[in-house]
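In my numbering, the protein residues as written are 3 to 507.
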Ligand SMILES: Cc1cc2nc3c(=O)[nH]c(=O)nc-3n(C[C@H](O)[C@H](O)[C@H](O)COP(=O)(O)O)c2cc1C
């Protein structure tokens, strides 16, 4: 989870106070940088590119941190539980035992400023840099971390390295998008101070600091939080057409019957992160206390995976404690289209509505909330389906059952760092939005989100389309905050938003 800048600074101050050795401070112009060294680890070349730009612009020396056992493409398969990175991610000892070809750069004692670059892996610095950080004395040196990532911020990675080093003055550093340009890098260096040793002249001048600007061209479609598998469907879970709800006990319900899944495609299924044999399902989280309504929760993950825990279970736990029957939806992933994933969500809504009485709710008191791609999915359902659209419209071979004739409408939607549209692109066409006959829409997002501008534009367009909009914007907060924290505590407001809507239904 990312922290706001102030929290990061507070953490830095606390840390240096406690350690008395390494100091961490917010990046600000530094005086004479002296001799510059650029050290980096890069598994797929993105950080290397940034390191090269820095070395070129500063005239610094450069050292690549090369693991004795380099990472192969298979090693880097972060969706494969057995891959090297996943094994290491789960075992700190393994992380810290990645041996490097060179730990201490030649002439180490002569360098004054060290740029340290790494990719973000699961929200932290890729651990092959750990050996370099723990293996050297940074006393008297200024260390400037930089990283590349699909969309995560630099987060706590710099703090953790500062702590690990124990010596040196560490700046808070900077995160670049995976395909950062030379002008991104030079623009940042200019904010740091007097790096006149190299060629700063040809790269396009100063970049205006804007959290939305540098991230919009992400090649990989968005945030990539840690893969999370959740509990998976319970054995012998009933299917939605025959399930008997257990409103007081957690329950898994398969949305479709094997052999009758609309738009099923075996090769898509095999190629998706779920693999063959997957049947989309929901997991219920019983409401506590007086029941206010139901919320279907769609975790994000760029339609490549689902962040089932941080954007599913954690949210369900908080909302169910506030009186909502919650259902975490495990919808289909790429290469299925988002229209197909929306069939799964529609089926989930139908199941909850058909069983409204058993769940102790009014059948109109059903909301959907989605995170990132999960919000896009909720939008897909509400924008492009009239609620009574049969799955046979997508797949004439599908054999409908009585559940398919139940409305899949929702009376409220939450876009948590999300918008109406497609992956990475919001749909701000006021006429399309108006035609969608959308329910009241709740937005929660941070100013440091790569899609910050698009959220504003989308919310404005939705409002212009005559839809009730509630917007919560959190300063210095990025993407992927899930159930929130002190700097982006959106759930109480969402509760009030839903309570007001459901009370009027
Ligand atoms: C194992 C692994 C974990 C990753 N975790 C994240 C993450 O948590 N957040 C993110 O935005 N990107 C994540 N990424 C994407 C990389 O940070 C991004 O592609 C980076 O630019 C790669 O840099 P490199 O080419 O120098 O290795 C991850 C990539 C890998 C291989």
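Note that beta-carbon positions come from the ideal geometry of N, C-alpha and C, so glycine has one too.
On the premise that residue j lies in contact with residue i, defined as a C-beta separation below 8 Å, what is that separation, rounded to the nearest angstrom?
{"i": "residue 265", "j": "residue 342", "result": "5 Å"}
{"i": "residue 65", "j": "residue 115", "result": "Incorrect: roughly 14 Å between the Cβ atoms, too far for contact."}
{"i": "residue 232", "j": "residue 310", "result": "3 Å"}
{"i": "residue 467", "j": "residue 436", "result": "4 Å"}
{"i": "residue 337", "j": "residue 195", "result": "With a Cβ gap of about 47 Å, residue 337 and residue 195 do not count as contacting."}
{"i": "residue 166", "j": "residue 144", "result": "Contact doesn't hold; Cβ gap of about 17 Å is too wide."}
Is residue i near residue j, with beta carbons less than 7 Å apart?
{"i": "residue 150", "j": "residue 130", "result": "no"}
{"i": "residue 351", "j": "residue 284", "result": "no"}
{"i": "residue 414", "j": "residue 302", "result": "no"}
{"i": "residue 475", "j": "residue 489", "result": "no"}
{"i": "residue 496", "j": "residue 457", "result": "no"}
{"i": "residue 510", "j": "residue 321", "result": "A question about residue 510 goes unanswered here, because the residues of the chain that appear run from 3 up to 507."}
{"i": "residue 52", "j": "residue 134", "result": "no"}
{"i": "residue 176", "j": "residue 140", "result": "no"}
{"i": "residue 102", "j": "residue 146", "result": "no"}
{"i": "residue 371", "j": "residue 299", "result": "yes"}
{"i": "residue 418", "j": "residue 446", "result": "yes"}
{"i": "residue 127", "j": "residue 96", "result": "no"}
{"i": "residue 243", "j": "residue 403", "result": "yes"}
{"i": "residue 448", "j": "residue 420", "result": "no"}
{"i": "residue 98", "j": "residue 132", "result": "yes"}
{"i": "residue 280", "j": "residue 367", "result": "no"}
{"i": "residue 49", "j": "residue 119", "result": "yes"}
{"i": "residue 70", "j": "residue 80", "result": "no"}
{"i": "residue 117", "j": "residue 40", "result": "yes"}
Within its chain, find whatever has a CB closer than 7 Å to the CB of residue i; leave out the 5 residues flanking it on each side and keep chain order.
{"i": "residue 348", "result": "383, 387, 410"}
{"i": "residue 486", "result": "492, 493"}
{"i": "residue 323", "result": "290"}
{"i": "residue 333", "result": "282, 300, 343, 346, 347, 379"}
{"i": "residue 110", "result": "138"}
{"i": "residue 276", "result": "335"}
{"i": "residue 315", "result": "232, 330"}
{"i": "residue 319", "result": "287"}
In chain order, what residues of the same chain have a beta carbon less than 8 Å from the beta carbon of residue i, not counting five sequence neighbours either side?
{"i": "residue 327", "result": "249, 286, 287, 288, 289, 293, 295, 296, 297, 354, 361, 362, 363"}
{"i": "residue 465", "result": "471"}
{"i": "residue 501", "result": "294"}
{"i": "residue 440", "result": "384, 385, 415, 422, 464, 467, 469"}
For residue i, which residues in the same chain have their Cβ closer than 6 Å to its Cβ, ignoring the five residues on either side in sequence?
{"i": "residue 8", "result": "Residue confidence is low: residue 8 scores 30 on pLDDT, short of 50, so the model does not pin down where it sits. No coordinate-derived value is stated."}
{"i": "residue 381", "result": "422"}
{"i": "residue 262", "result": "401"}
{"i": "residue 259", "result": "241"}
{"i": "residue 138", "result": "106"}
{"i": "residue 215", "result": "With a pLDDT of only 27 at residue 215, under 50, the local geometry of the prediction cannot be trusted, and the value read off the model is given with reservation. Taken in chain order, the list of residues that qualify is empty."}
{"i": "residue 38", "result": "60, 62, 115"}
{"i": "residue 202", "result": "Confidence at residue 202 is low in this model, with a pLDDT of 48, below 50, so the placement of that residue should be treated as unreliable; the coordinate-derived value is given next. Hits under 6 Å: 59, 188."}
{"i": "residue 125", "result": "154, 157"}
{"i": "residue 499", "result": "444, 472"}
{"i": "residue 429", "result": "422, 423"}
{"i": "residue 506", "result": "none"}
For residue i, which three-state DSSP category applies?
{"i": "residue 395", "result": "helix"}
{"i": "residue 485", "result": "coil"}
{"i": "residue 380", "result": "helix"}
{"i": "residue 454", "result": "helix"}
{"i": "residue 171", "result": "strand"}
{"i": "residue 69", "result": "strand"}
{"i": "residue 224", "result": "Residue confidence for residue 224 is low, a pLDDT of 43 falling below 50, so the modelled location carries little weight; the figure read from the coordinates is stated next. Residue 224 falls in the coil class under three-state DSSP."}
{"i": "residue 46", "result": "coil"}
{"i": "residue 123", "result": "strand"}
{"i": "residue 473", "result": "strand"}
{"i": "residue 159", "result": "helix"}
{"i": "residue 257", "result": "coil"}
{"i": "residue 433", "result": "helix"}
{"i": "residue 359", "result": "helix"}
{"i": "residue 63", "result": "strand"}
{"i": "residue 41", "result": "strand"}
{"i": "residue 189", "result": "helix"}
{"i": "residue 423", "result": "strand"}
{"i": "residue 55", "result": "helix"}
{"i": "residue 154", "result": "coil"}
{"i": "residue 369", "result": "strand"}
{"i": "residue 330", "result": "strand"}
{"i": "residue 465", "result": "helix"}
{"i": "residue 336", "result": "coil"}
{"i": "residue 182", "result": "coil"}
{"i": "residue 494", "result": "helix"}
At least one CB of chain C closer than 7 Å to the CB of residue i: is that the case?
{"i": "residue 281", "result": "No chain C is part of this structure, which consists of one protein chain only."}
Query raised in the report: Whole beta strand (DSSP E) runs in the region 230-254 with 3 or more residues, listed along the chain?
Result: none
Query raised in the report: What residue ranges within the region 259-328 form continuous alpha helix (DSSP H) runs of no fewer than 4 residues, ordered along the chain?
Result: 268-273, 316-323
Query raised in the report: Residue ranges of each alpha helix (DSSP H) run of no fewer than 4 residues wholly in the region 80-148, ordered along the chain?
Result: Entirely contained in the region 80-148, the alpha helix (DSSP H) runs reaching 4 residues are, in chain order, 86-91, 94-97, 132-136.
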